[in-house]
Amino acid sequence: MTRLLIVGPPGSGKGTQAARITDSLGVVAISTGDIFRANVKEMTPLGVEAKQYMDAGDYVPDSVTNAMVRDRLAQSDVAEGFLLDGYPRTVAQVAELDDILASNGQNLDAVVLLTADEDELVARLLKRAQIEGRADDTEDVIRHRLSVYREQTQDVVAAYRERGLVREVDGLGELEDVTSRILTALRQDA
Ligand code: B4P
1 MTRLLIVGPP GSGKGTQAAR ITDSLGVVAI STGDIFRANV KEMTPLGVEA KQYMDAGDYV
61 PDSVTNAMVR DRLAQSDVAE GFLLDGYPRT VAQVAELDDI LASNGQNLDA VVLLTADEDE
121 LVARLLKRAQ IEGRADDTED VIRHRLSVYR EQTQDVVAAY RERGLVREVD GLGELEDVTS
181 RILTALRQDA
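When we follow UniProt numbering, the leftmost residue of the sequence shown carries the number 1, and every step to the right adds one.
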């Protein structure tokens with residue numbers, strides 16, 4: 001398993017689990033949210049553009065996000081594999097990723113779908129707000145992000161389900177239990 005995606009609603013644990021599983025899988029974790037946040041912090045032109053969307057809980061436009069991911073996947077450290085965290089999030093991003101992989105003669109191996117109920121997601125993100133103070137972790141913005149996920153990213157999940165790539169994993173419980181569920185799901189045949 002070398003080319004993987006981790007998908008799920010905001011707060012489902014994508015970033016948390018990506019950091020935990022990439023070492024055991026020997027692949028590089030790429031988080032579009034982290035790349036955007038690094039650019040916001042450095043006030044690069046990309047960061048200045050992304051910030052307005054992120055603060056409102058909206059997706060950064062596909063044109064911006066796709067170019068950034070295409071560039072990242074052209075770097076040499078992903079040759080042995082990658083785990084993309086938070087991309088694709090729209091159907092247009094699925095098409096872009098298909099195109100990038102096809103031009104490299106590559107395929108996706110699996111898509112990990114992390115699930116958790118909405119009350120738990122809101123509670124986790126409000127807790128993160130107290131610790132990290134992220135501008136997009138206020139209750140109104142969290143609820144908006146969850147509705148954007150339902151409207152746009154459920155179709156992404158459906159597209160990968162049709163291809164038989166989705167491994168659905170319960171994201172509730174202790175971090176290490178979720179990690180071992182993911183690794184078990186990736187070892188099984190789809
Ligand atoms: P992300 O950084 O992906 O934000 P997220 O969905 O909140 O992160 P994640 O889901 O990884 O957080 P985690 O659960 O690990 O994106 C931020 C923004 O960037 C988006 O809203 C959008 O504007 C933009 N963006 C990113 N990608 C884009 C794209 N492809 N297209 C367009 N725009 C894009 O952690 C949440 C909290 O839960 C943490 O505090 C963690 O400690 C806790 N937690 C995790 N697992 C837990 C568990 N098992 N039990 C208890 N708590 C847990």
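For each residue, glycine too, the CB sits at the ideal point set by N, CA and C.
Taking aspartate 117 as the reference, which of Thr2, Pro10 and Pro88 has the closest Cα?
In the sequence shown, residue 117 corresponds to position 117, counting from 1. Between aspartate 117 and the set Thr2, Pro10 and Pro88, the nearest pair of CA atoms involves Pro10.
Cutoff 6 angstroms; reference arginine 145; Cβ partners in own chain excluding five residues on either side:
As a first step, residue 145 is located in the sequence shown; it is residue number 145 there, counting from the start. Excluding positions up to five away in sequence, the list reads Pro10 and Gly57.
Roughly how many angstroms separate the alpha carbons of proline 61 and serine 31, rounded to a whole number?
Numbered from 1 along the sequence shown, position 61 holds the residue referred to as residue 61. Numbered from 1 along the sequence shown, position 31 holds the residue referred to as residue 31. Taking the straight line from one Cα to the other gives about 16 angstroms.
Alanine 29 burial status per 10 Å Cβ neighbour count (16 or more: buried):
Taking the sequence shown and counting its residues from 1, one reaches residue 29 at position 29. Looking at its Cβ environment, which holds 16 or more other Cβ atoms inside 10 Å, alanine 29 is buried.
Just to confirm the assignment, what range does the beta strand (DSSP E) spanning threonine 115 have?
Sequence index remark: in the sequence shown, residue 115 carries index 115 (1-based). Start and end: 110–115.
One question on the structure: do arginine 37 and leucine 108 come within less than 8 angstroms of each other, judged by their Cβ atoms?
Stepping through the sequence shown from its first residue, residue 37 is reached at position 37. Stepping through the sequence shown from its first residue, residue 108 is reached at position 108. Not in contact: arginine 37 and leucine 108 (Cβ atoms no closer than 8 angstroms).
If contact is defined by three or more beta carbon pairs under 8 angstroms, each pair taking one atom from either stretch, is the stretch 91–106 in contact with the stretch 59–73?
yes
For leucine 83, write down the residues that DSSP places opposite it in a beta bridge.
Position 83 of the sequence shown, counted from the start, is the residue given in the question as residue 83. Answer is Leu4 and Ala29.
Any heavy atom of ligand 1 inside 7 angstroms of the beta-carbon of glutamine 93?
Numbered from its first residue, the sequence shown carries residue 93 at position 93. It does: the Cβ of glutamine 93 is within 7 angstroms (strictly closer) of some heavy atom of ligand 1.
Per-residue DSSP class, three states only, for aspartate 137
Within the sequence shown, numbered from 1, the residue matching residue 137 stands at position 137. Reduced to three states, the DSSP call for aspartate 137 is coil.
Classify arginine 187 as helix, strand or coil using the three-state DSSP reduction.
Here residue 187 is taken as the residue at index 187 of the sequence shown, counted from 1. For arginine 187, the secondary structure class from DSSP, reduced to helix, strand or coil, is helix.
Can you give the beta carbon distance from alanine 18 to leucine 121, rounded, assuming they're within the 8 angstroms contact cut?
For the purposes of this step, residue 18 is taken as the residue at position 18 of the sequence shown. For the purposes of this step, residue 121 is taken as the residue at position 121 of the sequence shown. The Cβ separation is near 17 angstroms, so there is no contact.
In the DSSP assignment, what residue or residues form a beta bridge with residue 239?
This structure does not reach residue 239, given that the chain is present from 1 up to 190, and the question cannot be answered.
Are arginine 181 and valine 169 closer than 8 angstroms when you measure CB to CB?
Here residue 181 refers to the residue found at position 181 of the sequence shown. Here residue 169 refers to the residue found at position 169 of the sequence shown. Contact: yes.
Going by CA-CA distance only, name the one from Leu46, Gly26, Asp55 and Ser24 that's closest to alanine 129.
In the sequence shown, counting from the first residue as 1, residue 129 sits at position 129. Looking at the Cα atoms, Asp55 is the closest of the given residues.
Residues that DSSP places opposite arginine 167 in a beta bridge
The residue labelled residue 167 in the question sits at position 167 within the sequence shown. For arginine 167, which the question treats as bridged, DSSP gives the partners Val112.
At which residues does the alpha helix (DSSP H) containing tyrosine 53 begin and terminate?
Here residue 53 refers to the residue found at position 53 when the sequence shown is read from its first residue. For tyrosine 53, the enclosing alpha helix (DSSP H) stretches over residues 45–56.
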